[in-house]
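One structure is given here, and the rest of the page talks about it.
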DNA sequence: GGAAGATGACAAG
DNA sequence: TTGTCCTCTTCCC
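Residue numbers (my numbering): 10 to 284.
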């Protein structure tokens with residue numbers, strides 16, 4: 010499931026299979042019939058991730074269209090290699106969009122957004138997103154301008170896509186732990202140096218997530234094995250300090266990890282390490 | 001078999 | 001802050 014690193018991987022996967030190819034599209038679920046018809050026969054130029062948004066540019070008869078996909082909480086892409094399978098399998102479950110060539114199939118399930126945008130709408134979307142730590146050359150100062158003047162908790166600011174694009178509930182919980190910052194700390198109390206270090210940490214962690222496909226944030230000296238405990242892989246597939254570890258001992262100080270609802274999302278932190 | 005919950009975001013009040 | 005939407009998995013009976 011999707012934070013920014015997942016979407017960047019989706020873009021890479023789609024480019025590897027479909028970039029430069031003429032595609033067929035369909036909506037087995039019938040909820041994107043018109044859109045699928047509109048892009049069938051188009052050439053897929055490029056898939057690009059911006060924060061949690063996926064933008065796929067397609068051309069047909071020299072006309073440019075952009076497919077915009079946002080996975081939301083539980084949307085997902087799955088891929089099938091037709092050279093291995095031999096024939097095109099029927100869609101399983103609720104497939105909103107199927108993209109296909111003679112060689113490959115990509116199925117999209119459960120997205121919050123699956124729509125076609127014109128260039129003005131694409132610009133409007135990009136305009137309302139903050140800097141993406143995964144995109145090379147992103148300007149962190151746009152995020153700092155908001156954070157340094159805001160009374161909102163830093164944990165809320167980190168989730169705002171107009172402040173930083175691509176950070177979700179896991180990365181925010183983990184980066185705050187790594188810097189010993191309490192989630193309720195107002196943004197304006199975060200120092201410039203601390204912010205720059207946090208940004209650099211997000212750049213490192215999220216790029217690592219793009220490469221590995223999972224979120225690992227625990228320093229090697231704090232891994233359970235290094236602490237004499239049995240290895241534990243979290244349900245989401247990576248190794249984390251606090252995310253979804255409520256009531257479990259902190260990997261650093263053994264204090265039970267706390268959990269609270271904030272702005273309708275769960276926040277996790279160590280009450281001792283993050284005073 | 002059914003409820004609850006999940007790495008998200010939006011609108012309404 | 002609450003309600004709503006989207007789909008699948010996990011957990012409990």
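The beta carbon of each residue, even a glycine, is placed where N, CA and C say it ideally should be.
No experiment lies behind these values; they were computed from the predicted model shown.
Listed in chain order, the non-local C-beta contacts of residue 37 below 7 Å within the same chain comprise 100, 104 and 107, local neighbours out to five positions each way being set aside. With a 10 Å radius around the Cβ and a threshold of 16 neighbouring Cβ atoms, residue 114 comes out buried. In the three-state reduction of the DSSP assignment, residue 270 falls in the strand class. Beta-bridge analysis with DSSP links residue 186 to no other residue.
Counting along the chain, residue 69 sits inside the beta strand (DSSP E) bounded by residues 62-69.
DSSP places residue 101 in the coil class of the three-state scheme, outside both helix and strand. If you compare the alpha carbons of 145, 47 and 76 with that of residue 215, the shortest gap goes to 145.
If the five residues before and after residue 79 are omitted, its C-beta is found closer than 7 Å to the C-beta atoms of 61, 62, 120, 121 and 122, all from its own chain and listed in chain order. In this structure, DSSP gives residue 18 a helical state, which the three-state scheme calls helix. Residue 26 is classed as buried because its beta carbon has at least 16 other beta carbons within 10 Å across all chains shown.
If you draw a straight line from the Cα of residue 198 to the Cα of residue 142, it comes to about 22 Å. Under the 10 Å beta carbon count, residue 162 is surrounded by 16 or more other beta carbons and is classified as buried. Excluding the 5 residues flanking it on each side, residue 195 has same chain C-beta neighbours closer than 6 Å at 160, in chain order.
In the three-state reduction of the DSSP assignment, residue 57 falls in the strand class. Judged by DSSP secondary structure, residue 114 falls within the beta strand (DSSP E) whose first and last residues are 113-118. A residue is called buried when at least 16 other Cβ atoms come within 10 angstroms of its Cβ; residue 184 meets this threshold and is buried.
Excluding sequence positions up to five before and after residue 31, its CB lies within less than 6 Å of the CB of 52, all in the same chain and listed in chain order. In the three-state reduction of the DSSP assignment, residue 78 falls in the strand class, which pools E and B. Residue 92 sits in a helix when the DSSP states are folded into three classes. The criterion of a C-beta distance shorter than 8 Å is not satisfied by residue 156 and residue 131.
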